[in-house]
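*Asks:*
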Amino acid sequence: MTKKIISLQKSFIHGAYVSSESGKDFPTYNPATGELICNVQSAGEKEIEAAVQSAWESQKAWAETPVIERSRILHKAARLLRERNVELAELEVMDTGKPINEAESVDVLTGADAIEFYANAAVALAGDYNKTDSGFYYTRHAPFGVCAAIGAWNYPLQIACWKSAPALVTGNSLIFKPSEVTPLTANCLAEIYSEAGVPPGVFDVVHGDGTTGALLSSHPRIRKIAITGEVGTGKKVMTAAASNLKNISMELGGKSPIIVFADANLNEAVSGVMLGNFYTQGEVCSNGTRVFVEEKVYEAFLTLLKARTEKLRVGDPMDHATTIGAMIHQQHHDKVLNYIKQGIAEGARLICGGNDLKLEGRCAKGNFISPTIFADCTDEMTIVKEEIFGPVAAILPFKTETEAIKRANHCEFGLAAGVFTQELTKAHRVADQLEAGVCWINNYNLTPSGMPFGGFKQSGIGRENCATALTEYTQEKTVFVSTDPIDCPYE
Ligand code: NDP
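Per this note's numbering, the sequence shown runs over residues 98 to 588.
#1: Using the three-state DSSP reduction, which class does F375 fall into: helix, strand or coil?
#2: Report back the beta-carbon spacing between A491 and T386 to the nearest angstrom; my notes put them in contact at under 8 Å.
#3: Any heavy atom of the ligand NDP within a distance shorter than 6 Å of the CB on L286?
#4: Relative to the ligand NDP, is the shortest distance from any of its heavy atoms to the C-beta of C382 smaller than 6 Å?
#5: Check whether the stretch 235–253 touches the stretch 269–279, counting contact only when three or more Cβ pairs, one atom from each stretch, lie closer than 8 Å.
#6: Just to confirm before moving on: does the CB-CB distance between V95 and H316 stay below 7 Å?
#7: Give the range of the alpha helix (DSSP H) segment to which E288 is assigned.
#8: If you count every other CB in all the chains shown that lies within 10 Å of the CB of Y226, and 16 or more means buried, which is it?
#9: Can you tell me whether Q106 is buried or exposed, with buried defined as 16 or more other CB within 10 angstroms of its CB?
#10: For L105, which beta-bridge partners are listed by DSSP?
#11: Quick check: what's the CA-CA separation for R181 versus G557?
#12: Let me make sure I understand the geometry here. Which of L454, E498, E573 and A501 has the alpha-carbon closest to that of T130?
#13: Do A249 and the ligand NDP come close, with the Cβ less than 6 Å from some heavy atom?
#14: Cα-Cα, which of W259, F517, P354 and A566 is closest to G511?
#15: Spell out a yes or no on whether the stretch 328–344 and the stretch 521–534 are touching, meaning 3 or more CB-CB pairs, one atom from each, closer than 8 Å.
#16: If you draw a straight line from the alpha carbon of M478 to that of L402, how long is it in whole angstroms?
#17: Would A423 and P124 be called neighbours here (beta carbons separated by less than 7 Å)?
#18: Could you tell me how far apart the beta carbons of E391 and A359 are, in whole angstroms, since I believe they sit closer than 8 Å?
#19: By Cβ distance below 7 Å, which residues in the same chain neighbour F553 in space, the five residues on each side in sequence not counted?
#20: Can K333 be considered in contact with the ligand NDP, in the sense that its beta carbon sits closer than 6 Å to one or more heavy atoms?
#21: To the nearest angstrom, how far is the alpha carbon of K352 from that of I272?
#22: Our contact map puts P297 next to S151 with C-beta atoms below 8 Å; I'd like the distance itself, whole angstroms only.
#23: Starting from C258, trace the alpha helix (DSSP H) both ways and give me its first and last residue.
#24: Helix, strand or coil: how does DSSP classify Q150 here?
#25: Check for me: the beta strand (DSSP E) holding R181 runs from which residue to which?
#26: Whose C-alpha, out of G559, E457, A397 and P163, is nearest the C-alpha of I322?
#27: Beta carbon of A174, beta carbon of I212: below 7 Å?
#28: Using alpha carbons as the reference points, say which of Q428, S231 and V481 lies closest to R446.
#29: Would the stretch 495–511 and the stretch 459–469 be scored as touching if the rule is three or more Cβ pairs under 8 Å?
#30: Below 7 Å CB to CB, which residues in the same chain sit around R405 once its five sequence neighbours on both sides are set aside?
#31: Please name the residue, chosen from S139, E380, I110 and G194, that lies closest to S122 on a Cα-to-Cα basis.
#32: I need the boundaries of the alpha helix (DSSP H) containing D473, first residue and last residue.
#33: Three or more C-beta pairs closer than 8 Å, one from the stretch 333–347 and one from the stretch 501–517: is that the case here?
#34: From N384, A200, I319 and I289, pick the residue whose C-alpha is nearest to that of G551; which is it?
#35: Quick one: what's got a C-beta closer than 7 Å to T236's C-beta in the same chain, skipping five residues either side?
#36: Quick one: grab the DSSP three-state call for F241.
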């Protein structure tokens, strides 16, 4: 059943919705229809102080709750997410413009997967013990206390789960700020955590734009901050976090390469390239938007890719037949179209798409762009150098393996990479040399729970979706125990 949306969304602090003292609010729109979904109250300084205070008050008792109990509560939250998959997926579609098929099969369920993964892994998170010549020491993973996390708009609920689960299960409290353009599901997650037994103040949600985010990243009583967003935003957060030397985790942008060798199964390579460019209408950080194809199969690859791309169906995201939804908002839509114009102006060969699509009916005011493929691209072109974050693939021919690796690595980002070949040794040799946090061989954009995800170079700091993320929300505490008299040189 479709969830009823409250016309004025508020921040969720200490287990309840609170009105913002400033009274400032902002509208949020459906990207596919242009309709107003609701208004959202901005959290200002007063609400951030209230959230930090509430998080501090609640955190100690939460940290003292046995991990098995915290884990049980998180498992219940994951169960509730699964039970409400359809209604939450519908909200996510309304907020993001992504196709309902994706939201129903990925967004909510992978969020639940992550919560279950962390709930299980935390129970097994143990410290070290070692004997020394005069005693022994042991370590444990202690929570930071109050953490904050800031989300991007492409996977709002999944990002909230990826960040909150490792924070909460290790005994921290977390204040989460969703992107201002996709505020709906963070509040639902707060309600679900409450229902599952997370105490008031352990998971707060504050709404607002970058100003609210900056209040979190500069707050002296917040000990850790995690963000998913653009590189430029990551740098601002890192600078602000330096004010009290916060621990930081960052999942940032990318311009990832996919290398298709001549011996690859071409149909599989085309599937990978389509997944890596058109899923969530191209608004995916790890997308493989620089596609290097070996010259011997270049034209054959383009023919196949064009034929399959033209079968994609741009349409109403709520229609299960739709495979490409709407761009997040008009401004982003126009930015993507500008990149397409720049690609044409700089001499790339447009082989399909590139259109500002006008749909009929309820989506007549939506932000749609047809899936776009540019061939004959060169490394210097703007569309090859900059993150577009839309359904735009750039295809570049190459001759040798060494050349492909060198060109793939010639980039300030290093989030992900893909290699398509049937030759086992070549696949591993190339993957080994690609400067990327994640490298897929003969597939693309899969992130099963437990698989570390994060970037090299300017694409980020730290890893998510995996066991090491638990240690990123904790600090190692060492206790030395003396068993022998002190060997003291002083009389
Ligand atoms: P932005 O960097 O614009 O925003 C990310 C979040 O940061 C938003 O909540 C935003 O608030 C907030 N913010 C903006 N300015 C500040 C500031 N000065 N201090 C603190 N917080 C601030 O990214 P988008 O939301 O546009 O998301 C797209 C980007 O995210 C792409 O670059 C993409 O590659 C990256 N991304 C990376 C992923 C990864 O895992 N590596 C996954 C998904 C996306 P608001 O928007 O409300 O103003």
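In this text, a Cβ means the ideal position worked out from N, Cα and C, and glycines have one as well. Because the structure is a prediction, the values reported are computed rather than measured.
*Replies:* Short version:
#1: Looking at F375 - three-state DSSP - the assignment turns out to be helix.
#2: Distance from A491 to T386 at the Cβ level is roughly 6 Å; contact confirmed, criterion being Cβ atoms closer than 8 Å.
#3: Checking the 6 Å criterion, the Cβ of L286 is out of range of every heavy atom belonging to the ligand NDP.
#4: When distances are taken from the beta-carbon of C382 to the heavy atoms of the ligand NDP, the shortest one is below 6 Å.
#5: The stretch 235–253 and the stretch 269–279 touch, with no fewer than 3 CB-CB distances between them shorter than 8 Å.
#6: There is simply no residue 95 to check, as the chain begins at 98 and stops at 588 in what is shown.
#7: Segment L281 to A293, the alpha helix (DSSP H) holding E288.
#8: With fewer than 16 Cβ atoms within 10 Å of its Cβ, Y226 is classed as exposed.
#9: With 16 or more other Cβ atoms within 10 Å, it is buried.
#10: L105 is bridged by DSSP to N136.
#11: Cα to Cα, R181 sits roughly 32 Å from G557.
#12: When only C-alpha atoms are compared, the closest one is L454.
#13: Because some heavy atom of the ligand NDP lies under 6 Å away, the Cβ of A249 counts as near it: yes.
#14: When the alpha-carbon of G511 is set against those of W259, F517, P354 and A566, the nearest one is in P354.
#15: Contact fails: fewer than three Cβ-Cβ distances are below 8 Å.
#16: Across the structure, M478 and L402 are spaced so that their CA atoms are roughly 21 Å apart.
#17: It is not a contact, given that the beta carbons lie outside the stated cut-off.
#18: Rounded to the nearest angstrom, the Cβ distance from E391 to A359 is 4 Å, consistent with a contact under 8 Å.
#19: Excluding residues within five positions, the ones whose Cβ falls inside 7 Å are G511, E532, A533 and G534.
#20: Yes, since a heavy atom of the ligand NDP falls inside the 6 Å radius drawn around the Cβ of K333.
#21: CA-to-CA, the gap between K352 and I272 works out to about 30 Å.
#22: Sure, about 7 Å apart at Cβ, within 8 Å.
#23: Here the alpha helix (DSSP H) through C258 covers P253 to V266.
#24: Here Q150 sits in helix by DSSP.
#25: Here R181 belongs to no beta strand (DSSP E), and DSSP marks it neither H nor E.
#26: Nearest C-alpha to I322: G559.
#27: It is a contact, given that the beta carbons lie within the stated cut-off.
#28: Selected option, being the one with the closest Cα: V481.
#29: No: fewer than three Cβ pairs fall under 8 Å.
#30: Excluding residues within five positions, the ones whose Cβ falls inside 7 Å are V367 and M371.
#31: It should be pointed out that residue 122 corresponds to Asp in this sequence rather than to Ser. The residue with the shortest Cα to Cα distance from D122 is S139.
#32: Counting along the chain, D473 falls outside any alpha helix (DSSP H), and DSSP gives it neither H nor E.
#33: Segments in contact, no.
#34: Minimum Cα distance to G551 is reached at N384.
#35: For T236, the CB contacts under 7 Å within the same chain, skipping 5 residues up- and downstream, are G224, D225, E573, K574 and T575 in chain order.
#36: In this structure, F241 counts as coil in the three-state DSSP scheme.
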